[in-house]
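Single-structure report; data block below.
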Amino acid sequence: MGRLKMLRSTLGSAPPRIARMTDDHGHSRVLEPWRKWYSLAAWTRLRLDILSRDGFECRACQRIDPTGRQLVADHIQPHRGDRARFWAPDNIQTLCKPCHDGAKQREERAGPPGRGVSKL
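The numbering of the sequence shown is this note's numbering, which starts it at 18 and goes up by one.
Below you can see the structure in the form of structure tokens.
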């Protein structure tokens, strides 16, 4: 009687049965449906209005980027899905990407008061 040979697993090549539930930052598309607001044309217009209002200048470090490519329209108080807070221009400030991704994110992760780095 012959020996059984190990069969090579085909699980690694099988297509995923369900889509990923989170993005690269661990945010859930299911639990955070408001994330799609960032892809709306209304957000694009509001973002440009905020950058223009702030003179394309970071409120934290005063770096100016006339192209706006390195600037973020940042919510001063996190909206957490609150539609009114998300769309309120007085709750949005201009930050450069390094300030937004560094100091501001650390502040938000630390918890309350969560008021950001606004100099309003």
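Even for Gly, the Cβ is constructed at its ideal location relative to N, Cα and C.
What does the alpha-carbon distance come out to for the pair residue i and residue j?
| i | j | result |
| --- | --- | --- |
| residue 126 | residue 95 | 11 Å |
| residue 107 | residue 64 | 12 Å |
| residue 116 | residue 60 | 21 Å |
| residue 49 | residue 78 | 30 Å |
| residue 138 | residue 89 | Residue 138 falls outside the range modelled here, since the chain spans only 18 to 137, and no answer is possible. |
| residue 128 | residue 58 | 30 Å |
| residue 71 | residue 104 | 17 Å |
| residue 69 | residue 62 | 11 Å |
| residue 51 | residue 124 | 21 Å |
| residue 56 | residue 92 | 16 Å |
Quick check on residue i: does DSSP put it in helix, strand or coil?
| i | result |
| --- | --- |
| residue 59 | helix |
| residue 93 | coil |
| residue 79 | coil |
| residue 87 | coil |
| residue 49 | coil |
| residue 119 | helix |
Could you pull out every residue in the same chain whose Cβ sits closer than 8 Å to the Cβ of residue i, ignoring the five residues on either side in sequence?
| i | result |
| --- | --- |
| residue 122 | none |
From the DSSP secondary-structure annotation, give me the bridge partner or partners of residue i.
| i | result |
| --- | --- |
| residue 113 | 88 |
| residue 74 | 81 |
Which same chain residues end up closer than 7 Å to residue i when comparing Cβ atoms and leaving out the 5 residues on each side of it in sequence?
| i | result |
| --- | --- |
| residue 67 | 90, 106, 109, 111 |
| residue 81 | 73, 74 |
| residue 54 | 60, 103 |
Which same chain residues end up closer than 6 Å to residue i when comparing Cβ atoms and leaving out the 5 residues on each side of it in sequence?
| i | result |
| --- | --- |
| residue 102 | 96, 108 |
| residue 118 | none |
For residue i, is the beta carbon positioned less than 7 Å from some heavy atom of the ligand ADP?
| i | result |
| --- | --- |
| residue 119 | No copy of the ligand ADP occurs in the structure displayed, which carries no ligand at all. |
Report task. Evaluate contact between the stretch 72-85 and the stretch 98-105, counting only Cβ atoms and requiring at least three cross-stretch pairs below 8 Å. Result -> no
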